[in-house]
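Working notes for the structure below.
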DNA sequence: GCAAAAGTGTTTAACATACACCCATGG
DNA sequence: CCATGGGTGTATGTTAAACACTTTTGC
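Chains as they are written, first to last, in the working numbering: chain P, 494 to 726; chain E, 494 to 726.
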């Protein structure tokens with residue numbers, strides 16, 4: 494009775510589902526008044542010589558996030574940054590070598606954590622402006638655009654901007670972070686009101702001096718861990 | 494000069510990154526005044542006999558989304574539903590058979606698309622209340638909880654409730670969708686005001702009659718495609 | 001004194017929240 | 001006539017948006 498209707502049996506085959514898994518990391522930072530991403534020049538085929546997102550194959554016993562952190566560290570020398578999973582890309586033809594599925598990660602780092610020169614695999618890692626960068630290998634342009642949208646959305650309802658700023662910063666500096674990410678100006682008075690009433694910041698007793706202008710008060714984030722807000726900008 | 498400092502060369506090895514890829518689908522619907530998910534009883538080891546999310550291994554030439562739709566159709570007979578990628582789970586020990594990475598998908602369907610009895614592989618597919626369901630195989634409980642949070646968040650700023658409702662529905666019925674998903678009551682007058690001013694619905698010239706109560710006006714969604722709103726509930 | 005960015009309030013409109021009673025129908 | 005859910009409005013508080021001038025410093 495129960496097994497009378499087995500017209501189209503489905504089986505789990507041993508030799509199906511095989512693929513190679515990579516992670517690729519889109520890591521943003523802010524440098525020289527521009528939103529930038531970190532790219533590496535490929536040393537091997539395919540796309541040898543082209544710029545690509547840092548990333549690589551998973552190892553037997555690491556989680557996807559561990560792979561992402563390891564590859565980021567090995568290829569660019571960057572570590573200790575904010576990292577979250579972005580999206581998984583698995584189109585059959587996205588890699589000419591065969592079926593390669595990539596779990597893309599999204600990362601943010603303040604510029605001072607991006608000291609590229611000193612690190613091992615970093616000879617060919619470089620920051621590029623998001624608005625003007627070389628053509629990327631594979632489907633990395635698509636991945637990068639998705640990461641950018643994630644960033645633009647997420648700073649609306651989280652405190653994530655801490656991960657792009659140094660410990661102490663002025664209100665103008667944090668405003669600039671938002672403006673660069675959204676690629677538009679925001680109103681200074683409304684921005685400050687909002688930012689201060691959100692209660693994420695604590696004022697420091699120092700000021701930024703030495704510029705030929707009025708000194709600016711310095712602030713720091715109360716917590717440098719991920720916080721979601723009820724509503725935001 | 495450039496290659497003088499190759500202390501720790503990184504290579505892309507041929508035999509690394511291997512894994513099997515599956516997709517698993519968390520599909521929600523509303524039935525008998527409850528938010529439910531569709532589960533299938535496993536026919537094979539591991540976890541033979543346990544309830545699990547529908548899903549399975551990717552084929553050579555399909556995208557991840559195609560895998561999800563195919564598995565959903567084969568295992569439960571359900572097709573033509575709203576589907577989006579949820580998250581990718583790749584812990585090394587999540588599957589006792591070896592390294593299996595799953596790209597989890599999130600799906601929504603109105604109850605009338607969940608006619609399970611008529612379909613091929615559906616003898617062991619069944620709807621369970623989200624609040625009370627059997628213990629799940631693998632890490633599927635974690636996946637389900639993540640999907641539930643996605644659902645609870647996403648109906649705040651999208652028109653996604655169309656995908657849980659029939660073509661025509663009353664305002665009380667759509668309110669019930671929100672209340673079931675959020676597991677809390679909302680104010681009737683405020684809900685209706687909000688829903689109608691959002692402009693997503695068009696009134697139909699019919700009413701729901703035959704119940705021993707005042708007939709309720711019927712509405713339909715203007716568009717049954719994904720729309721993101723600026724803000725919502 | 002001047003260039004440059006810091007700092008500061010008010011007004012208006014939109015939206016969120018709280019809340020209670022009458023209406024139309026089928027039985 | 002009664003049980004059931006359908007249907008409606010107002011008042012208050014909160015948040016968003018628009019908008020321009022004075023202050024402090026280094027040179």
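Each residue gets a CB set at the ideal place from its N, CA and C atoms; glycine is no exception.
Computed from a prediction, not measured in an experiment: that's the story for all the values here.
| Item | Value |
| --- | --- |
| Output needed for residue 717 of chain P: all residues of its chain with C-beta closer than 8 Å, excluding positions within five of it in sequence on either side, in chain order. | 655 and 656 |
| Is the separation between the beta-carbon of residue 550 of chain P and that of residue 583 of chain E shorter than 8 Å? | no |
| Identify whether residue 458 of chain E lies in helix, strand or coil by the three-state DSSP scheme. | No statement about residue 458 of chain E is possible, as the shown extent of chain E runs from 494 to 726 and does not include it. |
| Would you call the CB atoms of residue 543 of chain E and residue 630 of chain E closer than 8 Å? | yes |
| Less than 8 Å between CB atoms is the rule here; does residue 727 of chain P satisfy it with respect to chain E? | In the structure as shown, chain P begins at 494 and stops at 726. Residue 727 of chain P is therefore absent and cannot be evaluated. |
| DSSP has residue 654 of chain P in a bridge; who is on the other side? | Beta-bridge pairing links residue 654 of chain P to no other residue. |
| With a CB to CB cut of under 8 Å and the five nearest residues on each side skipped, what residues in its chain are close to residue 713 of chain E? | 660, 661, 662, 694, 695 and 697 |
| Buried or exposed: where does residue 671 of chain E fall if 16 or more other Cβ atoms within 10 Å of its Cβ makes it buried? | buried |
| Runs of 3 residues minimum, wholly inside the region 610-698 of chain P: which ones carry the beta strand (DSSP E) assignment? | 618-622 |
| Quick one: using the 10 Å Cβ neighbour count with 16 as the cut-off for buried, is residue 598 of chain P buried or exposed? | buried |
| Residue 547 of chain E: buried (16+ other C-beta within 10 angstroms of its C-beta) or exposed? | buried |
| Would you kindly report the start and end of the unbroken alpha helix (DSSP H) that includes residue 721 of chain E? | Neither: residue 721 of chain E is in no alpha helix (DSSP H) and is coded neither H nor E. |
| Is the region 564-574 of chain E touching the region 641-655 of chain E, taking contact as three or more C-beta pairs under 8 Å? | no |
| Taking 8 Å as the CB-CB limit, is residue 627 of chain E close to chain P? | no |
| Tell me the DSSP secondary structure of residue 595 of chain P in three-state form. | strand |
| Quick check on DSSP: helix, strand or coil for residue 569 of chain P? | helix |
| Within 10 angstroms of the Cβ of residue 652 of chain P, are there 16 or more other Cβ atoms? Answer buried if so, exposed if not. | buried |
| Just to confirm, is the Cβ distance from residue 620 of chain E to residue 596 of chain E under 8 Å? | no |
| Out of E:577, E:634, E:552 and E:532, which has the shortest C-alpha to C-alpha gap to residue 587 of chain E? | E:634 |
| State yes or no: is the beta carbon of residue 512 of chain E nearer than 8 Å to at least one beta carbon in chain P? | yes |
| In chain E, which residues lie with their C-beta within 8 Å of the C-beta of residue 596 of chain P? | 581, 583 and 594 |
| What's the call for residue 531 of chain E, buried or exposed, on a 16-neighbour Cβ count within 10 Å? | buried |
| If you draw a straight line from the C-alpha of residue 565 of chain P to the C-alpha of residue 606 of chain E, how long is it? | 45 Å |
| With a cut-off of 8 Å, does the C-beta of residue 551 of chain E fall near any C-beta of chain P? | yes |
| Could you check the C-alpha separation between residue 568 of chain P and residue 520 of chain P for me, to the nearest Å? | 12 Å |
| Taking DSSP's pairing of strands, which residues face residue 549 of chain P in a bridge? | P:516 |
| Taking the alpha-carbon positions, what's the residue 658 of chain P to residue 545 of chain E distance? | 44 Å |
| Figure out for me which residue from P:618, P:684, P:690 and P:701 has the closest Cα to the Cα of residue 536 of chain P. | P:618 |
| Taking 8 Å as the threshold (C-beta atoms), are residue 668 of chain E and residue 581 of chain P in contact? | no |
| Around the C-beta of residue 722 of chain E, are 16 or more other C-beta atoms found within 10 angstroms, so that it is buried, or is it exposed? | exposed |
| CB residue 589 of chain P to CB residue 539 of chain P, shorter than 8 Å? | yes |
| Can you list the residues of chain P that residue 515 of chain E reaches, using a CB-CB cut of under 9 Å? | 510 |
| For a contact defined as C-beta to C-beta under 8 Å, what are the partners of residue 663 of chain E on chain P? | Correct list: empty, because the minimum Cβ distance to chain P is about 30 Å. |
| Go ahead and label residue 690 of chain E buried or exposed: buried means 16 or more other beta carbons lie within 10 angstroms of its beta carbon, across all protein chains shown. | exposed |
| Go to residue 528 of chain P, then tell me how far its beta strand (DSSP E) extends in each direction, as first and last residue. | 527-534 |
| Quick check on residue 557 of chain E - is its C-beta less than 8 Å from some C-beta in chain P? | yes |
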